[in-house]
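Position in the sequence shown counted from 1, then plus 319, gives you the numbering used here. Quick reminder that beta carbons are idealized off the backbone N, C-alpha and C, glycines included. This structure is a prediction, so every number in the text was calculated from the model and none was measured.
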Amino acid sequence: MAETRHNVIIFGTRVRHKVIGEGQFFCPRCQAQRAYQHKQASRYFALYFIPIFPMGQLGEFVECATCGTAFEPTVLQLKAAPRSRPGPNDLSRLINSLGDRLSGGTPAEYLVRDLTAAGLDPDIAQDLVGKQLADGRRECRACGLTFAPGVTACAECGNPLS
Ligand SMILES: [Zn+2]
Ligand SMILES: [Zn+2]
C-alpha cells in the first residue's frame, strides 16, 4: 500500500474478487453438498481507494456458501468422487437385483464377477448366486455358462439351452 497525502491524492492497490462460476460442490469441511462461488482475485490500482484498473490476477479459489471456507479450485473435482466409488449401496443394489438379472438371462458367472468387483468375498458371492439357482439351472454346452431355469438361450453365444 503506497500512499501520499501531501496533495490529498491517495493511491495504492486493492484486491477485488470476481465471481467466475457458481454451482454445487462437495464441501470437504461441511462433508455435504453445498452451494459455492468460484472467485478470481485481482489486484487493482486504486485512487482514493476506488479500484481503477486491474494490475494482475492473484489467483482463483472456491468458496463454500455455508461455512465460508476457501478451497483450491481442484476441490470441484471432488464432486463426483464420493458417489463413483463402489460402496455398500452398490453391493446391496447388486444383491437385490440378482434374482431379476438371473431370470432376465444374465449368466450366474457374470453375477458372481460383479459381486466380487463390488467388494464381496468370492466364496460368499458364489454362495449367494448358487442359492438363487437352488431350484434348477441350465448350462450352455458351448461356453459353459450357467443360467436360471427359465432362460431359453445363452446370452453369450445365442445357443438354445436344453
Ligand atoms: Zn462448507
Ligand atoms: Zn453359450
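Contact annotation: the segment 425 to 432 does not touch the segment 385 to 398, with fewer than three C-beta pairs closer than 8 Å.
For Q451, the enclosing alpha helix (DSSP H) starts and ends at 441 to 451. For E428, the enclosing alpha helix (DSSP H) has its first and last residue at 427 to 436.
At a threshold of 7 Å, A467 does not count as near ligand 2, since its beta carbon sits no closer than that to any of the ligand's heavy atoms. In this structure, the straight-line span from the alpha carbon of H336 to that of P392 is close to 14 Å.
Per DSSP, reduced to three states, the secondary structure at T393 is helical. Between the alpha carbons of D442 and A351 lies a gap of roughly 36 Å.
Per DSSP, S361 is one residue of the beta strand (DSSP E) stretching across 351 to 366. Judged by beta-carbon spacing, G455 lies within the 8 Å limit of P468, meaning their Cβ atoms are closer than that value. Taking a cut-off of 6 Å from the heavy atoms of ligand 2, the residues with a C-beta inside it are C459, A461, C462, L464, C473, E475, C476, N478. When the beta-carbon positions are compared, Q451 and G418 come within less than 8 Å of each other.
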